[in-house]
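Novice: For what it's worth, the working numbering labels the leading residue of the sequence shown as 589, then goes sequentially.
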Amino acid sequence: MRKHRSLTGYIVEAVEEKLARDREEELRLGFASLAGTADDDSAAWIGAQRGSMGEVDA
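#1: CB-CB under 7 angstroms to A602, same chain, minus the five flanking residues each way: which ones, in chain order?
#2: Going by DSSP in three states, S594 sits in which element: helix, strand or coil?
#3: In angstroms, rounded to a whole number, what distance separates the CA positions of A636 and I599?
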């Protein structure tokens, strides 16, 4: 028998999945930038993420 969940449960699951995908993309882009294979769009995305987290490039 399938367990019924509330709407909140579905929302939490969707948010957790989105955060996991974002984290995977961040790691992929981070490794690409370390390897020197990141394109300009990837570098801009990484810079925007750092800015949104309050980090500042020295």
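Beta carbons: idealized from backbone N, C-alpha and C, even for Gly.
Specialist: According to the structure shown:
#1: none
#2: In the structure shown, S594 sits in coil (DSSP, three-state: anything other than H, G, I, E or B).
#3: Computed Cα separation, rounded: 26 angstroms.
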